[in-house]
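Accompanying notes for the structure given below.
Rendered as structure tokens:
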């Protein structure tokens, strides 16, 4: 991106003043190198977002922002229903509530060294992953609707997970306002046998070692210690969410003229929050969010079964579960007025600071864990939300490294088998059904995740707590 | 592989992919719009696996209609994504007939066989990004968009 088009507000904040159809400014949080690496499309997309009806304060791009659909990935925007604000299917994306959870195991890396291969093989065999895979659960229509209303709570009630998990999941495992009646039969059919499956692409299950602590008090509260083993699971609402995204994107494109909305880009498809279509989407999107929460809970259950069998002394407990693709109703004070806003985070993480009532009691004084995923060979990070992030970007932070290289270029640059061998030599065991898939997801195809989290930390969006190094990675 | 190649040659049609920062663009090219729609579907299969590895033993029929050619292309690809997902199938050969904005198609394929197909990635949806349908400067029809993986 051309820096000359931006006004630099600080070393890690760049602003685009309102011009053309923009109703509010756009703000990019990133250091100079990261901004230079961003595609010009990020500029175009974030200024288009700033032109949507009812947008409040500014349109934001996180340090990992890259070219998405309508919204950039790493885009954040809040809308006010009272000001004609919109909800955008494009602003949430196809993989609704795709996110990541991390569990601590109570084990050290030395504890699992003798069984690392066995754990990798058993996890790969037990967690359905990749194209065409299906889970063991089969949901009839009654169970499907109950799952869509209950999320992770539904999974726990059926024995897939522990009640203690629920306190460590956003919205305590279940988003209110889910409306399964607004989820099509096609979307439900797509999900019938996909619960408890990992998916493919950048989704993964990793065993990771805590290698560095940056913030001891926060790390203690998250029960993270150097040398210990954690498990991270990155996946989303699977086919159900994809189908809801597809259907509502089309419905919103077609309905835009009737709603008086002149879309600068069809992928920004949206509808007024107070319209029947907007409310229908919100109900379906919340159902998909619950599907993602249930999916990560069922996968966690499968992971626990493998650990109980291979490492009987382990106890896997949730650090936290965050979603990356959401629209959530949250309270903020804007220009001195308290408002309930619809905050879209597309490829961005919620990052509530200390004292927020939405946090579980045992984390309320420290802030929300923010989990930033890596990419097979590169580190993941755990951060914590700050008080400042409330004002900076509606309590939002980055979600990952963001791609730096296209899939084509990655598959031309690396060979899957050689990459697996190379990573094994570095102590990272990869298990995947697809050699080309591994090449397309090569760590080198992503931006430097350390630069991304450093920029988020410097900007005050979230504070670094711990660094995690991958040991085993199950890829779909 | 033979069947796919013969079919492609006989229709003077081809497919290709183009790069997107995070995902993949798919493009079909042919003497008429139906051929371009057939080819873009092959290009989409190639995102997942080598289309030549897919046995074309089972036929699935697909119908869709839309307000314009571009929306019809997105609907066509999304219908295929849906059929692949719920049937756990991959498709290697396509036959498309168009009647104004109505599409009637047959897709031939088989169940996913992970060891043989080595499927790379699932497709979440066809998008409106990079979406173009029309004739190029040589008079050939092109149909393209980016698919979210």
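Protein chains in written order, with our numbering: chain A, 2 to 477; chain B, 1441 to 1589.
Glycine included, every Cβ here is placed at the ideal spot set by N, Cα and C.
Residue 1480/B burial status per 10 Å Cβ neighbour count (16 or more: buried): Position 40 of the second chain holds residue 1480/B. Classification of residue 1480/B: buried, given that the 10 Å Cβ count is 16 or more.
Please report whether the beta-carbon of residue 15/A lies at a distance below 8 Å from any beta-carbon of chain B. On the first chain, position 14 is the one that residue 15/A refers to. Not closer than 8 Å to any Cβ of chain B, the Cβ of residue 15/A fails to qualify, so no.
With respect to the alpha helix (DSSP H) encompassing residue 16/A, which residues constitute its N-terminal and C-terminal limits? Numbered from its first residue, the first chain carries residue 16/A at position 15. Not the alpha helix (DSSP H): residue 16/A falls in the beta strand (DSSP E), residues 14-17.
Run through chain B and tell me which residues come within less than 8 Å of residue 74/A, C-beta to C-beta. What you label residue 74/A is simply residue 73 of the first chain in a count that begins at 1. 1462, listed in chain order.
Please list, in chain order, all residues of the same chain as residue 286/A whose beta carbon is under 7 Å from its beta carbon, the five residues on each side excluded. Along the first chain, one-based indexing puts residue 286/A at 285. Around residue 286/A, the same chain offers 93, 97, 245, 328 as residues with beta carbons nearer than 7 Å, after the five sequence neighbours per side are excluded.
Same chain, Cβ closer than 6 Å to residue 42/A, five either side skipped, listed in chain order: Locating residue 42/A in the first chain gives position 41, where the first residue counts as 1. Residues of the same chain with a CB within less than 6 Å of the CB of residue 42/A, apart from the 5 flanking positions on each side, are 68 in chain order.
So residue 86/A and residue 262/A are supposed to be a Cβ contact under 8 Å. How far apart are they, rounded? As a position in the first chain, residue 86/A is number 85, starting the count at 1. As a position in the first chain, residue 262/A is number 261, starting the count at 1. About 11 Å separates the CB atoms of residue 86/A and residue 262/A; that is not less than 8 Å, and the two are not in contact.
Can residue 1520/B and residue 1571/B be called in contact, C-beta distance under 8 Å? Here residue 1520/B refers to the residue found at position 80 of the second chain. Here residue 1571/B refers to the residue found at position 131 of the second chain. No, Cβ-Cβ distance for residue 1520/B and residue 1571/B is not below 8 Å.
In its own chain, which residues sit with a C-beta less than 6 Å from the C-beta of residue 28/A, not counting the 5 before and 5 after it? As a working note, residue 28/A is residue 27 in the first chain. 16, 59, 61.
Could you tell me whether the segment 162-179 of chain A touches the segment 439-459 of chain A, using the rule of 3 or more Cβ pairs below 8 Å? With a cut-off of 8 Å, the segment 439-459 of chain A and the segment 162-179 of chain A do not count as touching, because too few Cβ pairs lie within range.
So residue 1/A and residue 188/A are in contact, right, with Cβ under 8 Å, and what is the actual spacing, rounded? The structure shown does not extend to residue 1/A, since chain A is modelled only from 2 to 477, so the question has no answer here.
Cβ closer than 8 Å: which chain A residues qualify as neighbours of residue 1573/B? Taking the first residue of the second chain as position 1, residue 1573/B is located at position 133. Simply none; closest approach about 13 Å.
Tell me the DSSP secondary structure of residue 141/A in three-state form. For this step, residue 141/A is matched to residue 140 along the first chain. Reduced to three states, the DSSP call for residue 141/A is coil.
Close beta carbons around residue 172/A, own chain, < 7 Å, minus the five adjacent residues each side: Sequence index remark: in the first chain, residue 172/A carries index 171 (1-based). Once the five neighbours on either side are set aside, residue 172/A has no close Cβ partner at all.
What ranges does the beta strand (DSSP E) occupy inside the segment 90-154 of chain A, keeping only unbroken runs of at least 3 residues that lie completely in it? 100-109
Could you tell me whether the Cβ of residue 1482/B comes closer than 8 Å to any Cβ of chain A? To locate residue 1482/B, count along the second chain from 1; it is residue 42. Not one chain A Cβ lies under 8 Å of residue 1482/B.
By DSSP, does residue 255/A sit in helix, in strand, or in coil? Counted from its first residue, the first chain places residue 255/A at position 254. It is helical.
Can you tell me where the beta strand (DSSP E) with residue 205/A in it begins and where it stops? Within the first chain, numbered from 1, the residue matching residue 205/A stands at position 204. Residues 205-214.
Please state the DSSP three-state secondary structure of residue 1581/B. Counting from one through the second chain, the residue named residue 1581/B turns up at place 141. It is a strand residue.
Mind listing the chain B neighbours of residue 164/A? Cutoff is C-beta to C-beta under 9 Å, in chain order. As a first step, residue 164/A must be located in the first chain, where it is residue number 163. Going along chain B, no residue has its Cβ under 9 Å from residue 164/A, so there is no contact; the nearest lies around 32 Å.
Enclosing beta strand (DSSP E) for residue 471/A [first to last residue]: For the purposes of this step, residue 471/A is identified with residue 470 of the first chain, where counting begins at 1. Counting along the chain, the beta strand (DSSP E) containing residue 471/A begins and ends at 463-476.
Since residue 79/A and residue 50/A are thought to touch, with beta carbons under 8 Å apart, how far apart are those beta carbons, to the nearest angstrom? Looking up residue 79/A in the first chain gives position 78. Looking up residue 50/A in the first chain gives position 49. Going by Cβ atoms, the distance from residue 79/A to residue 50/A rounds to 11 Å, so no, they are not a contact pair.
Between the segment 125-140 of chain A and chain B, which residues of the former have CB atoms less than 9 Å from a CB of the latter, in chain order? Listed by position along the chain: 131, 132, 133, 134, 135.
Classification of residue 1463/B by the beta-carbon crowding that lies within 10 angstroms, buried from 16 upward: For the purposes of this step, residue 1463/B is taken as residue 23 along the second chain, with counting starting at 1. Per the 10 Å Cβ criterion, buried.
Let's see if you can read the secondary structure: which residues bound the beta strand (DSSP E) around residue 448/A? To locate residue 448/A, count along the first chain from 1; it is residue 447. First-last for residue 448/A: undefined, no H or E at that position.
Could you round the C-beta distance between residue 462/A and residue 394/A to whole angstroms and report it? I think they count as a contact, below 8 Å. Along the first chain, one-based indexing puts residue 462/A at 461. Along the first chain, one-based indexing puts residue 394/A at 393. Correct: roughly 6 Å between the Cβ atoms.
Would you mind stating whether residue 1552/B and residue 441/A have Cβ atoms separated by less than 8 Å? In the second chain, residue 1552/B corresponds to position 112, counting from 1. In the first chain, residue 441/A corresponds to position 440, counting from 1. No, the pair does not count as a contact, with Cβ atoms beyond the cut-off.
So, helix, strand or coil for residue 195/A, using DSSP? In the first chain, counting from the first residue as 1, residue 195/A sits at position 194. Of the three classes helix, strand and coil, the one that applies to residue 195/A here is coil, per DSSP.
Have a look at 89/A, 231/A, 174/A, 259/A and flag the residue whose alpha-carbon is nearest the alpha-carbon of residue 113/A. The residue you call residue 113/A lines up with position 112 of the first chain. Nearest of 89/A, 231/A, 174/A, 259/A to residue 113/A, Cα basis: 231/A.
Under 6 Å Cβ to Cβ from residue 344/A, same chain only, skipping five residues before and after it: list those, please. Here residue 344/A refers to the residue found at position 343 of the first chain. Counting only Cβ-Cβ distances below 6 Å, and skipping sequence neighbours, we find 79, 329, 331, 395.
I want to verify the contact list: residues of chain B whose CB lies under 8 Å from the CB of residue 185/A, in sequence order. For the purposes of this step, residue 185/A is identified with residue 184 of the first chain, where counting begins at 1. Within 8 Å Cβ-Cβ: nothing; residue 185/A doesn't reach chain B, min ~10 Å.
Does the beta carbon of residue 249/A come closer than 8 Å to any beta carbon on chain B? Residue numbering aside, residue 249/A sits at position 248 when the first chain is read from its first letter. For residue 249/A, the answer is no, since every Cβ of chain B falls outside 8 Å of its Cβ.
Out of curiosity, what's the CA-to-CA distance linking residue 542/A and residue 1452/B? A query on residue 542/A cannot be resolved here, the shown segment of chain A reaching from 2 to 477 and no further.
Between residue 1502/B and chain A, is there a C-beta pair that is closer than 8 Å? The residue you call residue 1502/B lines up with position 62 of the second chain. Chain A contact via Cβ: absent.
Strictly under 8 Å for the Cβ-Cβ distance: is residue 1565/B near chain A by that measure? Residue numbering aside, residue 1565/B sits at position 125 when the second chain is read from its first letter. Output row for residue 1565/B: interface = yes.
What residues from chain B crowd round residue 68/A, counting only those whose CB sits closer than 8 Å? As a working note, residue 68/A is residue 67 in the first chain. Those are 1460, 1461, 1462, listed as they occur along chain B.
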